[in-house]
Amino acid sequence: MTTDGGMDMEFIWEKKGWNRLLRRTRDAALDVSEAARSGAELAGQRAGDALACAKLNQAVSDLQEEIDLQMQAVGELIYATHRGTPSDSQAVQEILEYVDGLYEELEGHQQQLKLLRGLLLCGACGAENGGGNVYCHNCGQPLSRA
Numbered sequence: 007m008t009t010d011g012g013m014d015m016e017f018i019w020e021k022k023g024w025n026r027l028l029r030r031t032r033d034a035a036l037d038v039s040e041a042a043r044s045g046a047e048l049a050g051q052r053a054g055d056a057l058a059c060a061k062l063n064q065a066v067s068d069l070q071e072e073i074d075l076q077m078q079a080v081g082e083l084i085y086a087t088h089r090g091t092p093s094d095s096q097a098v099q100e101i102l103e104y105v106d107g108l109y110e111e112l113e114g115h116q117q118q119l120k121l122l123r124g125l126l127l128c129g130a131c132g133a134e135n136g137g138g139n140v141y142c143h144n145c146g147q148p149l150s151r152a
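In our numbering, each residue's number is its place in the sequence shown (first place is 1) plus 6.
Put into structure tokens, the structure is as follows:
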């Protein structure tokens, strides 16, 4: 450095320029960091949703299989009655009540799948609505996202 005032001003300007560049670089790095964190968070959420859908789909499949087996048993009992071997009507009733419970559980899983896929169900009429709808396309009632 010389005592020349022009040289000192140039040095001060360069220092300010470098500080500005460092601040901008730091700010850009923070922005990139935030974007990466947000992206990772969203990817994690989507992966969690996909896993939940897969588990619900498996539960739906298992319930449908169990319903089919139970209905086959009911059919065999009724056919046995037709062939002259009376079946216990209480046994048929118990199986059918069990199947009613399976259907309720199946419906609950199917509703959860619809919600995970972004469908909204109208609380007033039960119609399925797209995730972007504010009002039910069927009855016009406001849709709840809760």
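Idealized CB from N, CA, C, for every residue including glycine.
So what does DSSP say about residue i, is it helix, strand or coil?
| i | result |
| --- | --- |
| Asn63 | helix |
| Asn144 | coil |
| Arg151 | coil |
Taking the straight line between their C-alpha atoms, what separation do you get for residue i and residue j?
| i | j | result |
| --- | --- | --- |
| Asn144 | Leu62 | 27 Å |
| Leu149 | Asp74 | 35 Å |
| Leu27 | Asp37 | 15 Å |
| Val105 | Gln76 | 7 Å |
| Glu134 | Leu125 | 6 Å |
| Arg21 | Leu48 | Reading off the sequence, residue 21 comes out as Lys, not Arg. When rounded, the distance between both Cα atoms is 40 Å. |
| Tyr85 | Gly137 | 47 Å |
| Arg30 | Ala46 | 24 Å |
Among the options, whose alpha-carbon lies nearest the alpha-carbon of residue i?
| i | options | result |
| --- | --- | --- |
| Glu100 | Gly114, His115, Glu111, Leu83 | Leu83 |
| Leu102 | Gln51, Gln118, Gly124, Gln78 | Gln78 |
| Gly132 | Trp24, Leu119, Gln147 | Gln147 |
Should residue i be flagged as near chain D, meaning a C-beta pair shorter than 9 Å?
| i | result |
| --- | --- |
| Pro148 | Within the model displayed, chain D is absent; a lone protein chain is all it includes. |
Please confirm whether residue i and residue j have their CB atoms less than 9 Å apart.
| i | j | result |
| --- | --- | --- |
| Leu112 | Gln70 | yes |
| Ala60 | Gln118 | no |
| Gln116 | Val66 | yes |
ask   = Which parts of the region 61-141 are runs of the alpha helix (DSSP H), unbroken and 4 residues or longer, counting only runs that do not cross its ends?
value = 95-122
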